[in-house]
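Residue numbers (the working numbering), protein chains in the order written: chain L, 1 to 241; chain V, 242 to 646.
We put the beta carbon where it would ideally sit given N, CA and C, even for glycine.
Let me begin by presenting the structure, written as structure tokens, before commenting on it.
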Amino acid sequence: MRKTPVIEVKNLYKTYFMEGGNSQLVLKNINFKINEGEFVAIMGPSGSGKSTLMNILGCLDKPTKGSYVLDGYDIENKNDIELAKIRGQKIGFVFQNFNLMMKRTIADNVSLPLVYQNIKEKERYKRALQMLKKVGLLGYQKRPPSQISGGMQQRVAIARALVNNPSIIFADEPTGNLDSKTSDEIMELFTELNKQGITIVLVTHEDDVANYATRMIKISDGCKVYDGLRKDYSKEKETKC
Amino acid sequence: MLKAILKEAWISITSYKLRTFLTMLGILIGVAAVVMMVSAGQAVQLHITKSFSSMGSNRIFISPAELVTGGVRGARGLPSVTVDDVKALKELKGVKAASYEGRTAVQVVYGSNNYGTSVYGTNPDILEVNNSEIEDGVMFTQKDVKSARPYAVIGQTMVNELFGLQNPIGKTIRLKGQPFKVIGTVKEQGDGLFGNDMDNFIYIPYTTLRQRLAGSDRPQYVNMAYVVAKSEQEIDAVSKRIEYLLRARHRLKEGEKNDFQIRPMTDFINKVRNVGFVLSMLLAVIASISLIVGSIGIMNMMLVSVTERTREIGTRKALGAPNNWIMTQFLAESILISFIGSFIGMILGIIISQLAGTILGYEVPISIWAVVVSVSVAIIVGIVSGLMPALKAMRLNPIDALRYQ
Numbered sequence: 001m002r003k004t005p006v007i008e009v010k011n012l013y014k015t016y017f018m019e020g021g022n023s024q025l026v027l028k029n030i031n032f033k034i035n036e037g038e039f040v041a042i043m044g045p046s047g048s049g050k051s052t053l054m055n056i057l058g059c060l061d062k063p064t065k066g067s068y069v070l071d072g073y074d075i076e077n078k079n080d081i082e083l084a085k086i087r088g089q090k091i092g093f094v095f096q097n098f099n100l101m102m103k104r105t106i107a108d109n110v111s112l113p114l115v116y117q118n119i120k121e122k123e124r125y126k127r128a129l130q131m132l133k134k135v136g137l138l139g140y141q142k143r144p145p146s147q148i149s150g151g152m153q154q155r156v157a158i159a160r161a162l163v164n165n166p167s168i169i170f171a172d173e174p175t176g177n178l179d180s181k182t183s184d185e186i187m188e189l190f191t192e193l194n195k196q197g198i199t200i201v202l203v204t205h206e207d208d209v210a211n212y213a214t215r216m217i218k219i220s221d222g223c224k225v226y227d228g229l230r231k232d233y234s235k236e237k238e239t240k241c
Numbered sequence: 242m243l244k245a246i247l248k249e250a251w252i253s254i255t256s257y258k259l260r261t262f263l264t265m266l267g268i269l270i271g272v273a274a275v276v277m278m279v280s281a282g283q284a285v286q287l288h289i290t291k292s293f294s295s296m297g298s299n300r301i302f303i304s305p306a307e308l309v310t311g312g313v314r315g316a317r318g319l320p321s322v323t324v325d326d327v328k329a330l331k332e333l334k335g336v337k338a339a340s341y342e343g344r345t346a347v348q349v350v351y352g353s354n355n356y357g358t359s360v361y362g363t364n365p366d367i368l369e370v371n372n373s374e375i376e377d378g379v380m381f382t383q384k385d386v387k388s389a390r391p392y393a394v395i396g397q398t399m400v401n402e403l404f405g406l407q408n409p410i411g412k413t414i415r416l417k418g419q420p421f422k423v424i425g426t427v428k429e430q431g432d433g434l435f436g437n438d439m440d441n442f443i444y445i446p447y448t449t450l451r452q453r454l455a456g457s458d459r460p461q462y463v464n465m466a467y468v469v470a471k472s473e474q475e476i477d478a479v480s481k482r483i484e485y486l487l488r489a490r491h492r493l494k495e496g497e498k499n500d501f502q503i504r505p506m507t508d509f510i511n512k513v514r515n516v517g518f519v520l521s522m523l524l525a526v527i528a529s530i531s532l533i534v535g536s537i538g539i540m541n542m543m544l545v546s547v548t549e550r551t552r553e554i555g556t557r558k559a560l561g562a563p564n565n566w567i568m569t570q571f572l573a574e575s576i577l578i579s580f581i582g583s584f585i586g587m588i589l590g591i592i593i594s595q596l597a598g599t600i601l602g603y604e605v606p607i608s609i610w611a612v613v614v615s616v617s618v619a620i621i622v623g624i625v626s627g628l629m630p631a632l633k634a635m636r637l638n639p640i641d642a643l644r645y646q
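Right, dumping it as structure tokens:
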């Protein structure tokens, strides 16, 4: 199978400009490609810039310098409305604290991204059920998320991330709020989805969680210090920032 | 897209039923108050206008001129219009009837019954002037007036108080000791504008009044004269003719002021209508203060809601919601709240004012413009008070919003 890049980051810089004229360079000269079907863990200590990188990759933020191409779309020249469209069509998000709407049914939560793509209600419901089946929660669609466990809530969030058939899924510390047993279940679900060909980018600081990924990108002090197979990683192989 | 946004907004506001209801309450009470107050004002207006109209809107009053001394309005001047003036007025073009009155208060006695009433010395045209008719018997004639016959035509209160179930026609009543023969009764007229009894009167020929009950050193002069125009449209023309004729008869020179005052009924009605309108407006303005308070309530709630739902907004944005969608949804929520609130308020206002009207026995009109104005004001209020929170929601940075705890 010919691998095509879903993500292509070239010479990417991000600077935060603060009040009083100070600025802080958060990301320095980041370069990498992520191909279709990969399972990548972005790691790094807190404050390293991995969240900023994740936000840029997720089209929630824009780089200060450098280029970022997502599935053929150059993000640089896009305005807010176009970015929202790209998020809605190309990206699935899974958050640490699930971010479900507690007053709505599980089916409503799963189908929410489709609302913004003007898909009819009947079709939305049908697709929500398909996704719930994929994450093993068929039968729970009429309930509110408050009636199910944390692990199940994260499954709902994963179903929501999958429902728009995205090119890539970004998971930001998806197991951060879960116990270790449930964490394993969620990571196994990600592995399963990856086997079905879905590209997954995971941000985590936990080694156990990162072990589920095949490739690892490590960020430290705003630089990429390691990019290679997860199983080959060792502290010694890190490059200097 | 709009349908989907409206649905999202609807689900959002129905998710917090109590809060939505309490927010709605402000606008609901505001609109209900406006509708009720305007209805009350209009009911008063309608009631007064109707009362005046029932007295006949094509009447013209002629009274002595007001005395003006040094710019101060004083009491009425001396009577200046005579019985002969009125006779001449009756011959004018467009005049249907002309009458006049002298009045005295008496205790009327029949057998062992007695009752306090007003005796009007007048001519037969008084029936036309008062828009009334003979129930039983006859009205006295111009001939009876000429020869000052002791005839009396009585109102229904007199009939009931003095005669009970007896037929009053042909009976003799006593006014100040003088015998009068009842020759007719007047149909019931009901209560007047101020709740006064319109059936408590006795009509006798003017000449009889002056000779037997209330003498005067100037018996030809009347306190009040009435002219009935043939139609309401002619009232202005007839008023002009009356002025011209009376000035000629009173030999007033050019530049000399009228020694009489002509006031058409339509003037009264218009004045009352204006007062009623101003009253309605005033009440509406007072009531609309509660609309303002209501709108502040909506703005307050929406601002809290945006803060409370910061994470939700961030999530929606991350999941592909464009900024204008977020803004429209929050705007739709506040418009829905104010629209539903004002709609219920409108219905409540109508129901309460109709109910009050029924209980108090007044006819209360449903003011279409009050309804339209208050509902559209409420919708504008919804837009205005929802705009700031909606813009706030729209401008939220998705990254910050997602991190919000």
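- Residues in its own chain within less than 6 Å of L:LEU83 by CB, not counting five upstream and five downstream? In the first sequence, counting from the first residue as 1, residue 83 of chain L sits at position 83. Excluding residues within five positions, the ones whose Cβ falls inside 6 Å are CYS59.
task: Please name the residues in the segment 540-563 of chain V whose beta-carbon is closer than 8 Å to at least one beta-carbon of chain L, in chain order.
output: ARG552, GLU553, GLY555, THR556, ARG557, LYS558, ALA559, LEU560, GLY561, ALA562, PRO563
Item checked: Rounded distance between the beta-carbons of V:VAL360 and V:ALA466, thought under 8 Å -> Here residue 466 of chain V refers to the residue found at position 225 when the second sequence is read from its first residue. Here residue 360 of chain V refers to the residue found at position 119 when the second sequence is read from its first residue. Contact flag wrong, Cβ pair sits at about 18 Å.
- Message: Just checking: is the beta-carbon of V:MET242 within a distance shorter than 8 Å of some beta-carbon in chain L?
- Response: On the second sequence, position 1 is the one that residue 242 of chain V refers to. Taking Cβ atoms only, chain L reaches closer than 8 Å to V:MET242, which makes this a yes.
Beta-carbon of V:ALA250 versus every beta-carbon of chain L: anything under 8 Å? Reading the second sequence from its first residue, position 9 is the one you call residue 250 of chain V. Not closer than 8 Å to any Cβ of chain L, the Cβ of V:ALA250 fails to qualify, so no.
>> For L:ALA161, which residues in the same chain have their Cβ closer than 7 Å to its Cβ, ignoring the five residues on either side in sequence?
In response: Counting from 1 along the first sequence, the entry for residue 161 of chain L is found at position 161. Only GLY92, PHE93, VAL94, ILE169 meet the Cβ criterion.
Q. For chain V, is any of its Cβ atoms less than 8 Å away from the one on L:ALA213?
A. By one-based count along the first sequence, residue 213 of chain L stands at place 213. So, not an interface residue.
Item checked: Beta-carbon separation (whole angstroms), V:SER608 vs V:VAL279, contact threshold 8 Å -> Here residue 608 of chain V refers to the residue found at position 367 of the second sequence. Here residue 279 of chain V refers to the residue found at position 38 of the second sequence. Indeed they touch by this definition, with Cβ atoms about 5 Å apart.
Pick out whichever of V:SER480, V:MET506, V:GLY535, V:VAL327 has its Cα sitting closest to the Cα of V:TYR447.
-> In the second sequence, counting from the first residue as 1, residue 447 of chain V sits at position 206. Among V:SER480, V:MET506, V:GLY535, V:VAL327, the Cα nearest to that of V:TYR447 belongs to V:VAL327.
- Task: Could you check how far apart the C-beta atoms of V:MET540 and V:ALA631 are, in whole angstroms? I think they sit under 8 Å.
- Result: One-based indexing of the second sequence puts residue 540 of chain V at position 299. One-based indexing of the second sequence puts residue 631 of chain V at position 390. Contact doesn't hold; Cβ gap of about 11 Å is too wide.
Practice item. Can you give me, in chain order, the residues of the segment 561-581 of chain V that have a beta carbon less than 8 Å from any beta carbon in chain L? Key: GLY561, ALA562, PRO563, ASN564, ASN565, TRP566
Worksheet item: Under a CB-based cut-off of 8 Å, is V:ILE624 close to chain L?
Response: Position 383 of the second sequence, counting from 1, holds the residue named residue 624 of chain V. No, because no Cβ of chain L sits closer than 8 Å to the Cβ of V:ILE624.
For L:LYS237, report the span of its beta strand (DSSP E) as first-last.
Position 237 of the first sequence, counted from the start, is the residue given in the question as residue 237 of chain L. For L:LYS237, no beta strand (DSSP E) encloses it, and the DSSP letter there is neither H nor E.
inquiry  = Is V:ILE640 close to chain L? Criterion is C-beta to C-beta, closer than 8 Å.
reply    = Here residue 640 of chain V refers to the residue found at position 399 of the second sequence. True, the Cβ-Cβ gap to chain L drops below 8 Å.
Between which two residues does the beta strand (DSSP E) harbouring L:LEU178 extend?
On the first sequence, position 178 is the one that residue 178 of chain L refers to. Counting along the chain, L:LEU178 falls outside any beta strand (DSSP E), and DSSP gives it neither H nor E.
**Request:** In angstroms with no decimal places, state the Cα-to-Cα distance between V:GLY425 and V:GLN407.
**Result:** Along the second sequence, one-based indexing puts residue 425 of chain V at 184. Along the second sequence, one-based indexing puts residue 407 of chain V at 166. Answer to the nearest angstrom: the Cα atoms are 14 Å apart.
_Please identify the residue among L:LYS120, L:ARG127, L:LEU100 whose C-alpha is closest to the C-alpha of L:PRO144._
In the first sequence, residue 144 of chain L corresponds to position 144, counting from 1. Of the candidates L:LYS120, L:ARG127, L:LEU100, the one whose C-alpha sits nearest the C-alpha of L:PRO144 is L:LEU100.
Outcome for V:MET380 when other beta-carbon atoms lying within 10 angstroms are tallied against a minimum of 16: Your numbering for residue 380 of chain V matches position 139 in the second sequence. By the 10 Å Cβ count, V:MET380 comes out buried.
Between the beta-carbon of V:GLY586 and the beta-carbon of V:VAL272, is there less than 8 Å?
Residue 586 of chain V sits at position 345 when you count from the first residue of the second sequence. Residue 272 of chain V sits at position 31 when you count from the first residue of the second sequence. Cβ distance < 8 Å, so V:GLY586 and V:VAL272 count as in contact.
Give, in chain order, every unbroken run of the alpha helix (DSSP H) that is at least 4 residues long and sits entirely within the segment 39-101 of chain L. Listed in chain order, they are 50-57, 80-90.
Considering only their Cβ atoms, is the gap separating L:PRO113 from V:LEU263 smaller than 8 Å?
The residue labelled residue 263 of chain V in the question sits at position 22 within the second sequence. The residue labelled residue 113 of chain L in the question sits at position 113 within the first sequence. In this structure, L:PRO113 does not lie closer than 8 Å to V:LEU263 by Cβ.
Requested in this report: Compute the Euclidean distance between the alpha carbons of V:LEU403 and V:TYR356, then round it to the nearest angstrom.
Outcome: Taking the first residue of the second sequence as position 1, residue 403 of chain V is located at position 162. Taking the first residue of the second sequence as position 1, residue 356 of chain V is located at position 115. Approximately 7 Å, taken between the alpha carbons.
- Query: Considering only the beta carbon of each residue, do V:ASP275 and V:ALA528 sit closer than 8 Å?
  - Reply: One-based indexing of the second sequence puts residue 275 of chain V at position 34. One-based indexing of the second sequence puts residue 528 of chain V at position 287. Looking at the sequence shown, residue 275 of chain V is not Asp but Val. Yes, these two residues count as a Cβ contact at 8 Å.
* To do: Using alpha carbons as the reference points, say which of L:ARG127, L:VAL40, L:ARG104, L:LEU12 lies closest to L:MET187.
  => The sequence position of residue 187 of chain L within the first sequence is 187, counting from 1. Looking at the Cα atoms, L:VAL40 is the closest of the given residues.
Next on the checklist: Shorter than 7 Å, the distance from the beta carbon of V:SER617 to the closest heavy atom of the ligand SAM, or not?
Outcome noted: The ligand SAM is not part of this structure, which contains no ligands at all.
Q | At least three beta-carbon pairs within less than 8 Å, the segment 507-520 of chain V to the segment 604-618 of chain V | A | no
Got a sec, what are the start and stop residues for the beta strand (DSSP E) L:THR15 sits in? The sequence position of residue 15 of chain L within the first sequence is 15, counting from 1. Residues 5-17.
Under 8 Å between C-beta atoms, does V:LEU632 make it to chain L?
Walking along the second sequence from the start, residue 632 of chain V turns up at place 391. Chain L contact via Cβ: absent.
Partner residues on chain A for L:MET101, Cβ-Cβ distance less than 7 Å: In the displayed structure, chain A is absent; the protein chains listed are L and V.
Using a Cβ-Cβ cut-off of 8 Å, state whether L:ILE168 counts as contacting chain V. Position 168 of the first sequence, counting from 1, holds the residue named residue 168 of chain L. False, the Cβ-Cβ gap to chain V never drops below 8 Å.
List the residues of chain V whose Cβ lies closer than 7 Å to the Cβ of L:PRO113, in chain order.
-> As a working note, residue 113 of chain L is residue 113 in the first sequence. For L:PRO113, the residues of chain V that pass the 7 Å Cβ criterion are LEU560, GLY561, in the order they occur in the chain.
* Between the C-alpha atoms of V:ILE588 and V:TYR645, what's the straight-line distance to the nearest angstrom? -> Position 347 of the second sequence, counting from 1, holds the residue named residue 588 of chain V. Position 404 of the second sequence, counting from 1, holds the residue named residue 645 of chain V. Approximately 42 Å between the Cα atoms of the pair.
**Message:** Short of 7 Å in beta carbon distance, which residues of its chain neighbour V:LEU486, apart from the five on each side in sequence? Order them along the chain.
**Reply:** Position 245 of the second sequence holds residue 486 of chain V. Annotation for V:LEU486: ALA329, LEU330, LEU333 place their beta carbon closer than 7 Å to its own, counting only its chain and skipping 5 residues before and after.
With distances taken from CA atoms, which of V:GLY282, V:THR255, V:TRP251, V:LYS244 is nearest V:THR598? Translated into the one-based positions of the second sequence, residue 598 of chain V becomes position 357. In the sequence on display, residue 598 of chain V carries Gly and not Thr. When each option's Cα is compared against that of V:GLY598, the closest is V:GLY282.
Residue nearest to V:LEU247 in terms of C-alpha spacing, selected from V:ARG636, V:SER575, V:VAL625
Mapped onto the second sequence, residue 247 of chain V falls at position 6. It is V:SER575.
| said: Strictly below 8 Å CB to CB, what residues from chain V border L:LYS85? | reply: Counted from its first residue, the first sequence places residue 85 of chain L at position 85. Contact annotation for L:LYS85 against chain V: GLY561, PRO563 [CB-CB distance below 8 Å, chain order].
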